[in-house]
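Peer 1: Got a structure here, written out as structure tokens. Questions coming.
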């Protein structure tokens, strides 16, 4: 073996030994830098422990790990303060929107908007549906309004009061073009009613059920409180 090969072997062994030393130091945390504290004092981090999150019994709040500093008290985080404000606003907003009882056939748009989770859009839809019906005869009809989900309706239902201020429908006199715009009457139902009246006027609901297809009987049931069967 010549000198060139000998030096190369020494270099390889030296590199391996150096690599092992570095690896050993890394594995045993000997590489962690010292953390300066106050001027001359320093400590060496011996082991890293992930922070633990502490939850209080009140599920609305999430507390950060306790942080202490010399001569100072614990300071709440910005996140906790922000959540406190949101929680207070939500409770205040809910209480101001859920403490009024309204008459469903006389309530204005502003009164509808005073209910919890009812904004301008939903208030407008409720009023349009009420006008198309000729008024509500039941609180449950409010829940049929488009854009008012059942979850919202159940929230506002205790604050709704029904009255008898709704318009009735003269089934033997109202013209065809005024029949089918009613939410409970389809164009096919309006056609059968108008056709039957040419030969015979209606005296009761049973006669209506006879000419209206069975698939629309549920609509007739909802329509019944609106109907008058006067014959002139």
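Numbering (the working numbering), first residue to last: 3 to 234. Quick reminder that beta carbons are idealized off the backbone N, C-alpha and C, glycines included.
(1) Return the chain-ordered ranges of every alpha helix (DSSP H) run that is complete within the stretch 123-172 and spans a minimum of 4 residues.
(2) Measuring CB atoms only, is the stretch 135-142 touching the stretch 151-168, in the sense that at least three cross pairs come out at less than 8 angstroms?
(3) Could you tell me the alpha carbon to alpha carbon distance between residue 96 and residue 161, rounded to whole angstroms?
(4) Going straight from the alpha carbon of residue 114 to that of residue 143, what length do you get?
(5) Where residue 131 and residue 214 are concerned, what is the direct C-alpha to C-alpha distance, given to the nearest angstrom?
(6) In its own chain, which residues sit with a C-beta less than 7 angstroms from the C-beta of residue 224, not counting the 5 before and 5 after it?
(7) Does the Cβ-Cβ distance between residue 157 and residue 107 come in under 7 angstroms?
(8) Using DSSP with H/G/I as helix, E/B as strand and the rest coil, what is residue 106?
(9) In the DSSP assignment, the alpha helix (DSSP H) including residue 218 goes from what residue to what residue?
(10) Quickly, what does DSSP pair residue 181 with across the bridge? List them, please.
(11) Any idea which residues DSSP pairs residue 230 with across the strands?
(12) Buried or exposed, going by whether 16 or more other CB atoms sit within 10 Å of the CB of residue 228?
(13) Which residue marks the beginning of the alpha helix (DSSP H) containing residue 214, and which one marks its end?
(14) Going by CA-CA distance only, name the one from 232, 122, 222, 123 that's closest to residue 174.
(15) Below 8 angstroms CB to CB, which residues in the same chain sit around residue 129 once its five sequence neighbours on both sides are set aside?
(16) So, helix, strand or coil for residue 16, using DSSP?
(17) From residue 122 to residue 191, what does the alpha carbon distance come to, in whole angstroms?
(18) Let me check understanding here. Comparing Cα to Cα, which of 14, 221, 197 lies closest to residue 184?
(19) Taking C-beta to C-beta, are residue 196 and residue 182 nearer than 7 angstroms?
Peer 2: This is what the structure holds:
(1) 152-158
(2) yes
(3) Confidence in residue 96 is poor, its pLDDT being 47 and thus under 50, which makes the residue's placement too unreliable to answer from.
(4) 15 angstroms
(5) 24 angstroms
(6) 186
(7) no
(8) coil
(9) Segment: none, residue 218 is in no alpha helix (DSSP H) and carries neither H nor E.
(10) As DSSP reads the structure, residue 181 sits in no beta bridge.
(11) 172
(12) Counting other Cβ atoms within 10 Å of its Cβ, residue 228 reaches 16 or more and is therefore classed as buried.
(13) Per DSSP, residue 214 belongs to no alpha helix (DSSP H) and is neither H nor E.
(14) 232
(15) 111, 114
(16) The three-state reading of DSSP puts residue 16 in helix, counting H, G and I together.
(17) 33 angstroms
(18) 221
(19) no
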